[in-house]
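J.: If you read the sequence shown in numbering that gives the first Met the number 0, its first letter stands for residue 0, the second for the next number, and so on.
Starting off with a structure, shown below.
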Amino acid sequence: MIKKQIFVNSNIQSIVHLVLGNFILSLGSGLFIVPNNVITGGVAGVAVLLNPFIDISATTTVLLLNIFLFTMGFVFLGKNFALKTAISTALYPFFLSLVTSYTGGNTIVSDPIIASLFGGILTGVGIGIVFLVDGSTGGMDTIPLVINKYSGFSISKLVFVTDMFTIVLGFLIYGIEQTLIGTISVWIGSVMINKTMLLGATSARQITIISKMYKEINEVLVNNLGRGSTIYNGKGGYSEECTDIIMIVIPNKQYITLQEIVYRIDPSAFVVVSEVQEVNGLGFSYDE
Numbered sequence: 000m001i002k003k004q005i006f007v008n009s010n011i012q013s014i015v016h017l018v019l020g021n022f023i024l025s026l027g028s029g030l031f032i033v034p035n036n037v038i039t040g041g042v043a044g045v046a047v048l049l050n051p052f053i054d055i056s057a058t059t060t061v062l063l064l065n066i067f068l069f070t071m072g073f074v075f076l077g078k079n080f081a082l083k084t085a086i087s088t089a090l091y092p093f094f095l096s097l098v099t100s101y102t103g104g105n106t107i108v109s110d111p112i113i114a115s116l117f118g119g120i121l122t123g124v125g126i127g128i129v130f131l132v133d134g135s136t137g138g139m140d141t142i143p144l145v146i147n148k149y150s151g152f153s154i155s156k157l158v159f160v161t162d163m164f165t166i167v168l169g170f171l172i173y174g175i176e177q178t179l180i181g182t183i184s185v186w187i188g189s190v191m192i193n194k195t196m197l198l199g200a201t202s203a204r205q206i207t208i209i210s211k212m213y214k215e216i217n218e219v220l221v222n223n224l225g226r227g228s229t230i231y232n233g234k235g236g237y238s239e240e241c242t243d244i245i246m247i248v249i250p251n252k253q254y255i256t257l258q259e260i261v262y263r264i265d266p267s268a269f270v271v272v273s274e275v276q277e278v279n280g281l282g283f284s285y286d287e
């Protein structure tokens, strides 16, 4: 019963993300990208590029491209991906048609740089929300997802590279000025995808402490900070002396307190600090 409830909740969460993400994506495309002919990545950018050569609406172009890319995703990424992409393939053109119908295809800003900036912000946030549930907007991001599966490269960076191919093609058609404006949208979109995918992640620091007084330090840290730690054996590469090493993960707000504790006990302690973007477990993603 519990497993079934978790499954239902997970599906509801995925649908909410898909609907919200595609709606925000359509706002970025329909209000800023398409009406201002901003050269950008994604199917909206490709639709802008093809507009001078084909006598069909941008909405129809988006739909046809989505069908082609959906087929690619089904072949390489499997049924679960295909199901989520199928939802996006229907939602994005639907929302985009609603937005363009409401605005009459007109832009809400006249400055192309502002259009590129805010178009990039909205499209990046929309795609990022969909990526949070391992989905796809049914557009050009299918290509980065396929490459990511077989290479492990960062999705946001792959999206940026894929979109830049569209920008390069845009240069051949529209010239340098519109290409530079489009680059703003692509770069901002890539940044916002990455930032959005980190939403809800617990920001923390992993601290490695090397000290002969590790027992005293560890006892005070565990008692005062309320955090668990790991102690493991190490050996100095230069001195060849065996020593015990403390590893502890703490929220950023506790770092100053940790510093004061460590250096009060042992001023000569060797401390290495690493940024951690996400921590799951007792005391971080759930309470005791």
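Where a beta carbon is used, it is the ideal one built from N, C-alpha and C, also for glycine.
This one's a predicted model, so the numbers in the text were calculated from it and none came from an experiment.
(1) Could you give the distance in angstroms between the alpha-carbon of valine 98 and the alpha-carbon of threonine 106?
(2) Please list, in chain order, all residues of the same chain as valine 108 whose beta carbon is under 6 Å from its beta carbon, the five residues on each side excluded.
(3) Would glycine 127 and methionine 196 be called neighbours here (beta carbons separated by less than 8 Å)?
(4) If you draw a straight line from the alpha carbon of threonine 178 to that of lysine 194, how long is it in whole angstroms?
(5) Output the distance between the C-alpha atoms of arginine 226 and lysine 234, rounded to the nearest integer angstrom.
(6) For glycine 174, count neighbouring Cβ atoms within 10 angstroms of its own Cβ and tell me buried if that reaches 16, exposed if not.
(7) Based on the DSSP secondary-structure assignment, which residues constitute the bridge partners of aspartate 243?
(8) Helix, strand or coil, according to DSSP, for valine 248 in the structure here?
(9) Can you list, in chain order, the residues of its chain with a C-beta nearer than 7 Å to that of valine 272? Leave out the 5 residues immediately preceding and following it.
(10) Three-state secondary structure (DSSP) at threonine 136?
(11) DSSP three-state label for phenylalanine 69, please.
(12) Measure how close the beta-carbons of glycine 123 and isoleucine 192 come, nearest whole angstrom, since I'm counting them as under 8 Å.
(13) What are the boundary residues of the beta strand (DSSP E) that includes isoleucine 209?
(14) Tell me the residue span of the alpha helix (DSSP H) that contains valine 129.
(15) Just how far apart, CA to CA, sit asparagine 10 and valine 37?
(16) What separation, rounded to the nearest whole angstrom, lies between the Cα atoms of phenylalanine 269 and valine 275?
(17) Is the Cβ-Cβ distance between asparagine 65 and tyrosine 91 less than 8 Å?
(18) Per DSSP, glutamate 215 is paired with what?
(19) Exposed or buried, what is threonine 229 when buried is set at 16 or more other beta-carbons lying within 10 Å of its beta-carbon?
(20) Just checking, does the segment 161-176 make contact with the segment 210-219 on the three C-beta pairs under 8 Å criterion?
(21) Could you give the first and the last residue of the continuous alpha helix (DSSP H) run that contains valine 306?
(22) State buried or exposed for asparagine 35, treating a residue as buried only when at least 16 other CB atoms are found within 10 Å of its CB.
(23) Determine the extent of the beta strand (DSSP E) in which serine 273 is found, giving its start and end residues.
(24) Comparing C-alpha positions only, which one of Thr84, Glu176, Gln12 and Tyr101 sits nearest to threonine 136?
(25) Got a sec, what are the start and stop residues for the alpha helix (DSSP H) threonine 84 sits in?
(26) What does the Cβ neighbour count give for leucine 26, buried or exposed, with the cut at 16 atoms within 10 Å?
T.: Reading it off the structure:
(1) 11 Å
(2) Ala114
(3) yes
(4) 24 Å
(5) 25 Å
(6) exposed
(7) Asn232
(8) strand
(9) Arg204 and Ile206
(10) coil
(11) helix
(12) 5 Å
(13) 203-209
(14) 111-130
(15) 35 Å
(16) 19 Å
(17) yes
(18) In DSSP, glutamate 215 forms no bridge with anything.
(19) exposed
(20) no
(21) The structure shown does not extend to residue 306, since the chain is modelled only from 0 through 287, so no value can be given for it.
(22) buried
(23) 269-275
(24) Thr84
(25) 78-102
(26) buried
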